[in-house]
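S.K.: Sequence lines, in order, name chains A and B.
Sequential numbering from 1 applies to the first sequence in full-length UniProt numbering.
Sequential numbering from 1 applies to the second sequence in full-length UniProt numbering.
By construction, the Cβ of each residue, glycine as well, lies at the ideal position given by its N, Cα and C atoms.
Bear in mind the structure is a predicted one, so any value in this text is a computation, not a measurement.
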Amino acid sequence: MSETATRIDIFKTYKLYVGGKFPRSESGRVYEVTDTKGQWLANAPLGTRKDARDAVVAARAAVKGWSGTTAYNRGQVLYRVAEMLQGRREQFAAEVAAAEGVGAKRAAALVDAAVDRWVWYAGWTDKVAQVAGGANPVAGPFFNLSVPEPTGVVGVLAPRAGQGFSLLGLVSVVAPAIATGNTVVVAAAERAPLPALSLGEVLATSDLPGGVVNLLSGRTADIAPTLASHQDVNALDLAGAIDPEGPGAAAALEAAAADTLKRVVRPAADPSAEDWTAAPGTGRLLSFLETKTVWHPMGI
Amino acid sequence: MAKTKKTETETGTGQPVRAGSLFAYAPAPESPAAAGEIATGYGHFIGGEFVDSSGSQALKTVNPATEQVLAEFAQGTEEDVDRAVRAARKAFADWSALPGSERAKYLFRIARIVQERSRELAVLESLDNGKPIRETRDVDLPLVAAHFFYYAGWADKLDFAGWGPNPRPLGVAAQVIPWNFPLLMLAWKIAPALATGNTVVLKPAETTPLTALRFAEICRQAGLPEGVVNIVTGDGRTGAALTAHPDVNKVAFTGSTPVGRAIAKQLAGTRTKLGLELGGKAANIVFDDAPLDQAVEGIVNGIFFNQGHVCCAGSRLLVQESVQDELLDALKRRMGTLRVGDPLDKNTDVGAINSAAQLARITELAAAGEQEGAERWAPECELPGAGYWFRPTLFTGVSQAHRIAREEIFGPVLSVLTFRTPAEAVEKANNTPYGLSAGIWTEKGSRILWMANRLRAGVVWANTFNKFDPTSPFGGYKESGYGREGGRHGLEAYLDV
């Protein structure tokens, strides 16, 4: 030990990310977040149903602007997220290592993969319309075109299990939804929310308009049912719905979502076996799109 | 679409079944005998055979234009449904293993036989449904054949459809269809399911089972392997048993939003893939620069086509204030020339309401329109004594809060609202939980695209309305359901992707 006193670290106050701002929970409460060995890491805000509703309001307000921006511009914003995440690689590697109980090297690789995933989806923004839409050769003198459009506000239950779930998994469910112009309200993994809350800091410095991504920590059993039954949420990604029963279970959430006919992406058959490092494909990218078909007569 | 009609003012031998007396038309009825032999009683079509129900309950299907019973048919029991699902399951292995090029040939055969028998099917459909023969002949049947022909061609090209090589079918598809386009909805469901290698159990609506049962004969003529297509008849209880069956991999439903919601709830937590095509309350938006004569034709086609029994019907007319009077005058004039009556008459524009229950619903909602303060107008026209009929009706002075502006009427009732600016038109058009279709009438191209971009609806018809094509994806936003039917998009509903 040196003779000077050991420097005392500055702890971070983890906050929600809603509407481009970093509020504490309206509950004024926090809960303890530990690493996989039970060691205390930080206190996370205990986001509530009210926080979830506020986040939906923010997400809805952001739909018009974000879905109206050009696909090229959305691509640049998503690429900017990759740049910002790359710059904070060490911080996220430490958070992922603690959240998932993996070694430093593995954690760094998972962060790299998360950066690369942003880049993958950044490139998709201005290509998906041609892949998912097109001209229809109808049997008559009509111009007939089908184009994909964003569904609107997507409630996302961030992955809570599987390889790389805490950051890479989160990015793998958030990026495809916003790449196509949706806005999202994310219930972060309840036990491992810190990488998600830190991602808010990256998004806030990436030219992403406020409200496009909203990140909530707290009890999934509170936040998820609020999103599932909310009249102003259009779709639901249940990646993290791994409770076998109770209000946060996939079946209960899907049943609640049926009242407003939300589009629902069901969780994997075995979420803990999910490998988020695997190539993502276009499944999630295409899940939160509506196909609009426009007809017009041709003639002189 | 209404076509130009021959006038017969000189001979004057026609029965006047329409408003006014400017044009008189001689009767031009299609022969009911062209529908072929209608049995007195029908069972189900399961495993390639017509079989009796395990239960004893029979339902009756009536000709809604005469209220005469056409036939009795079985009320499918849970046991019947189970038997059909097992037949479909048994057939699935061989059918899905068949090379796509061979599956295609069966579908091409079906398309051709439908074309060959289209007059028979058209007449049978008009008898059972009440829709004018002109529609079944010129719209429904050509589209049915085209749909099978289109998806036949996909069966051996699925590797190139955009989901990577060798996309797999789902298995057994449970399909429940409505009564408004019985055979066309059957085609929309069965053609893509079979092309992708699934087998099906289909339940037609309880007021219109006959063309589906006739289609079963076509499957036999086409030599379709046993169990690939199974038809189980019955009412909503049969449908519920089918959509809840644990051994189906796909549920496809077209019908009302409440039933669609119930099915979505029922399937929550399962791995069954679900597609829903539900209700609508489409806005048909007319700007002051629109070609008004064409717009009037489009409005009439939008709401009176198929007696308004169309989920994508243009049931809310949004007209720009500055042309409201001119447009409504022209619209009323045009409505006065609609001929309501015998569905088998080739000159009939508006046929019979499909059922007493539907007529009661339309009547109730129209009465609510009056009670809530909207002004009702309908042309004077004689309606036949027997059968279920409703005059083409329009309401003016409708507010967005009125039930007739919010609820799907599913009948020949048009609610007229007005707007001043394009932004207001968009707000009003989107002010509904539905999002199936919309119409835009304007001569300005940039405005069409601006509007089309902002309307939250799955199909937008600009300067036209109610156009359908097998290559063109159809389906809703919001509470009008999810999934698409038609085109390449329609394959996704039946593939494990």
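Let me check understanding here. Comparing Cα to Cα, which of B/P32, B/A173 and B/K189 lies closest to B/N249?
M.R.: Closest option to B/N249, Cα to Cα, is B/A173.
S.K.: The beta strand (DSSP E) spanning B/Q68 covers which residue range?
M.R.: Counting along the chain, the beta strand (DSSP E) containing B/Q68 begins and ends at Q68 to A74.
S.K.: Enumerate in chain order the residues of its own chain whose CB-to-CB distance from B/T66 is below 6 Å, with the five nearest sequence positions on each side excluded.
M.R.: These residues qualify, in order along the chain: A386 and G387.
S.K.: How about B/P421 and B/L328: do their beta carbons lie closer than 8 Å?
M.R.: First, the residue type needs correcting, since residue 421 of chain B is Thr and not Pro in the sequence shown. No, the pair does not count as a contact, with Cβ atoms beyond the cut-off.
S.K.: According to the Cβ coordinates, are A/L238 and A/V212 closer than 8 Å?
M.R.: No, these two residues do not count as a Cβ contact at 8 Å.
S.K.: Which residues bound the alpha helix (DSSP H) around B/N129?
M.R.: Per DSSP, B/N129 belongs to the alpha helix (DSSP H) from S118 to N129.
S.K.: Just verifying my parser: in three-state terms, what is the DSSP assignment at B/Y151?
M.R.: It is helical.
S.K.: What does a CB cutoff of less than 6 Å around B/A87 pick up in its chain, not counting 5 residues either side in sequence?
M.R.: Closer than 6 Å at Cβ, skipping near neighbours: I46, G47, G227 and N230.
S.K.: Which partner residues of B/G439 appear in the DSSP bridge assignment?
M.R.: Per DSSP, B/N284 and B/W461.
S.K.: Quick one: which chain A residues come within Cβ less than 8 Å of B/L276?
M.R.: Within 8 Å Cβ-Cβ: L261.
S.K.: Under three-state DSSP, which class holds A/L41?
M.R.: Residue state, collapsed to three classes: strand.
S.K.: Along chain A, which residues have their Cβ under 8 Å away from the Cβ of B/V460?
M.R.: By Cβ distance, chain A contributes K292, T293, V294 and W295.
S.K.: Got a sec, what are the start and stop residues for the beta strand (DSSP E) A/V119 sits in?
M.R.: Run containing A/V119: none in the beta strand (DSSP E); it sits in the alpha helix (DSSP H), A104 to W124.
S.K.: Quick one: does A/V233 have its CB under 8 Å from some CB of chain B?
M.R.: False, the Cβ-Cβ gap to chain B never drops below 8 Å.
S.K.: Give a yes or no on whether 8 Å exceeds the smallest Cβ distance from B/Y482 to chain A.
M.R.: So, interface residue.
S.K.: From the DSSP output, in three-state form, read off A/S206 for me.
M.R.: Note: A/S206 maps to coil in three-state DSSP.
S.K.: At 8 Å on the CB atoms, spell out the chain A contacts of B/Y106, in chain order.
M.R.: Within chain A, no residue comes near B/Y106; the closest Cβ sits about 22 Å away, beyond 8 Å.
S.K.: Where residue 552 of chain B and B/L107 are concerned, what is the direct C-alpha to C-alpha distance, given to the nearest angstrom?
M.R.: Since the first and last residues shown for chain B are 1 and 497, residue 552 of chain B lies out of range.
S.K.: Does DSSP put A/D270 in a helix, a strand or coil?
M.R.: Looking at A/D270 - three-state DSSP - the assignment turns out to be coil, as it is neither helix nor strand.
S.K.: Starting from the beta carbon of A/A250, find every residue of chain B whose beta carbon is closer than 7 Å, and list them in chain order.
M.R.: Chain B residues near A/A250: G269.
S.K.: As a quick exercise: from B/R134, B/P142 and B/A425, pick the residue whose alpha carbon is nearest that of B/E116.
M.R.: Cα-wise, what sits closest to B/E116 is B/P142.
S.K.: What separation, rounded to the nearest whole angstrom, lies between the Cα atoms of B/N463 and B/D293?
M.R.: Cα-Cα distance, rounded: 11 Å.
S.K.: In chain A, which residues lie less than 7 Å from residue 498 of chain B when you measure between Cβ atoms?
M.R.: Nothing about residue 498 of chain B can be read from this structure; chain B reaches only from 1 to 497.
S.K.: Taking three-plus beta-carbon pairs below 8 Å as touching, is the region 150-163 of chain B in contact with the region 480-497 of chain B?
M.R.: As far as the Cβ criterion goes, the region 150-163 of chain B touches the region 480-497 of chain B, which means the pair count is three or higher.
S.K.: Assuming A/G19 contacts A/N144 (C-beta within less than 8 Å), just tell me the rounded distance between them.
M.R.: The pair is not a contact, with the Cβ atoms about 39 Å apart (cut-off 8 Å).
S.K.: For B/V51, which residues from the same chain have a beta carbon less than 6 Å from its beta carbon, with the 5 sequence-adjacent residues on both sides left out?
M.R.: Within the same chain, B/V51 has close Cβ partners G43 and H44.
S.K.: Does A/E254 come within less than 8 Å of chain B when only Cβ atoms are used?
M.R.: Cβ-Cβ to chain B under 8 Å: yes for A/E254.
S.K.: Assuming B/A146 contacts B/L186 under a Cβ cut-off of 8 Å, what Cβ separation, rounded to an integer in Å, is found between them?
M.R.: Actually they do not touch by this definition, with Cβ atoms about 14 Å apart.
S.K.: Can you give the Cα-Cα distance for B/V413 and B/A356, rounded to whole angstroms?
M.R.: Near 16 Å, if we compare the C-alpha coordinates of B/A356 and B/V413.
S.K.: Ends of the alpha helix (DSSP H) at A/R89?
M.R.: First-last of the alpha helix (DSSP H) with A/R89: R89 to E100.
S.K.: Quick one: is B/V85 buried, meaning 16 or more other Cβ sit within 10 Å of its Cβ, or exposed?
M.R.: B/V85 should be labelled buried.
S.K.: Tell me where the alpha helix (DSSP H) around A/I223 begins and ends.
M.R.: Where A/I223 is concerned, the enclosing alpha helix (DSSP H) stretches over T220 to S229.
S.K.: Select from A/A255, A/K262 and A/A250 the residue whose C-alpha is nearest the C-alpha of A/D270.
M.R.: The residue with the shortest Cα to Cα distance from A/D270 is A/A250.
S.K.: Taking the continuous beta strand (DSSP E) assigned at A/D237, which residues delimit it?
M.R.: Taken as a continuous stretch (DSSP letters only), the beta strand (DSSP E) holding A/D237 covers A235 to D237.
S.K.: DSSP has B/N230 in a bridge; who is on the other side?
M.R.: For B/N230, which the question treats as bridged, DSSP gives the partners B/V201.
S.K.: Tell me B/K60's beta-bridge partners as DSSP assigns them.
M.R.: Note: B/K60 sits in a beta bridge opposite B/E72.
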